[in-house]
Amino acid sequence: MSRIPDSTSAAPHPVSGAAAYSRSRHSRGVVRVLGVTAIALSVACGATGCSTISGLWNKPQEAPPPAAAAPEPAPGVVATDPASRASARLSGPSKLKNGKTDSGGALREYTATLEHGAVQTLAVGELKSPPKGDPAAYVKQLATENKGTVTKNQAVTVNGHPGADFRMDLAPGGAKGFMLGRVVFTPTGLIQVITTGPAADETTDAPLHDQAAESLQIP
Numbered sequence: 013m014s015r016i017p018d019s020t021s022a023a024p025h026p027v028s029g030a031a032a033y034s035r036s037r038h039s040r041g042v043v044r045v046l047g048v049t050a051i052a053l054s055v056a057c058g059a060t061g062c063s064t065i066s067g068l069w070n071k072p073q074e075a076p077p078p079a080a081a082a083p084e085p086a087p088g089v090v091a092t093d094p095a096s097r098a099s100a101r102l103s104g105p106s107k108l109k110n111g112k113t114d115s116g117g118a119l120r121e122y123t124a125t126l127e128h129g130a131v132q133t134l135a136v137g138e139l140k141s142p143p144k145g146d147p148a149a150y151v152k153q154l155a156t157e158n159k160g161t162v163t164k165n166q167a168v169t170v171n172g173h174p175g176a177d178f179r180m181d182l183a184p185g186g187a188k189g190f191m192l193g194r195v196v197f198t199p200t201g202l203i204q205v206i207t208t209g210p211a212a213d214e215t216t217d218a219p220l221h222d223q224a225a226e227s228l229q230i231p
């Protein structure tokens, strides 16, 4: 049964299927977490140059350098939750999975698959009353639930809502993996952007997660 914290605790509980990742050379594992997330790097390139005029004052001036190219939009696809109006730019098209929270509220997970088999999710869990506790404490309990080791747990705010950016090492089924996340407490529940994948691909996937997390919008 899909579960997230109820109104009396911020401790996380298992959520089915949201954080599974696999790769042919890795053991298949399932990470239990509310939501799993991110975005490719945006690179703006511009042509610059310098035209000069020789000592011959009557020599026609060379054409000015071309203007710098406009930055290209970050690749990815925006996932928007209509009910909460929360959104994040994930690394690709996402699929919606509906579930229920412990308190009977709706649980909606928008999950995209990365090139190497990692997964990214925008997850929105509704609670009957505001979540209690500290987001950092939630992250610690999340690690306990997933038998992970927290290596980063930093307080953040998103549009005035308290949250935490975190990283943890995982080893589901003996396969080494990672989890990167941003969790935010709102008056109606929890919103998360999370990316999980094989440890060998973290260098490639981490920038994608960072962009997804930074793109998170909550009214």
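Numbering of the sequence shown is given in the working numbering, commencing with residue 13 and proceeding in unit increments.
Where a beta carbon is used, it is the ideal one built from N, C-alpha and C, also for glycine.
Which residues does DSSP pair with residue i in a beta bridge?
{"i": "residue 209", "result": "190"}
{"i": "residue 99", "result": "92, 229"}
{"i": "residue 118", "result": "112"}
{"i": "residue 198", "result": "201"}
With 16 as the cutoff for other CB atoms within 10 Å, does residue i come out buried or exposed?
{"i": "residue 120", "result": "buried"}
{"i": "residue 105", "result": "exposed"}
{"i": "residue 166", "result": "exposed"}
{"i": "residue 215", "result": "exposed"}
{"i": "residue 184", "result": "buried"}
{"i": "residue 95", "result": "exposed"}
{"i": "residue 141", "result": "exposed"}
{"i": "residue 133", "result": "buried"}
{"i": "residue 163", "result": "exposed"}
{"i": "residue 108", "result": "exposed"}
{"i": "residue 97", "result": "exposed"}
{"i": "residue 208", "result": "buried"}
{"i": "residue 2", "result": "Shown here, the chain extends from 13 to 231; a query on residue 2 therefore has no answer."}
{"i": "residue 189", "result": "buried"}
{"i": "residue 198", "result": "buried"}
{"i": "residue 172", "result": "exposed"}
{"i": "residue 143", "result": "buried"}
{"i": "residue 116", "result": "exposed"}
{"i": "residue 231", "result": "exposed"}
{"i": "residue 123", "result": "buried"}
{"i": "residue 223", "result": "buried"}
{"i": "residue 113", "result": "buried"}
{"i": "residue 137", "result": "buried"}
{"i": "residue 111", "result": "buried"}
{"i": "residue 186", "result": "exposed"}
Does the Cβ of residue i lie closer than 8 Å to at least one heavy atom of the ligand MG?
{"i": "residue 168", "result": "This structure simply doesn't include the ligand MG, nor any ligand for that matter."}
Uninterrupted alpha helix (DSSP H) stretches inside the stretch 161 to 186 (no shorter than 4 residues): For secondary structure counted as the alpha helix (DSSP H) over 4 or more consecutive residues, the stretch 161 to 186 holds no complete run.
Complete alpha helix (DSSP H) runs within the stretch 120 to 167 (minimum length 4 residues, chain order): 147 to 157
Segment contact flag, the stretch 148 to 159 with the stretch 216 to 224, C-beta cutoff 8 Å, min 3 pairs: No: the two stretches stay apart, fewer than three of their Cβ pairs being nearer than 8 Å.
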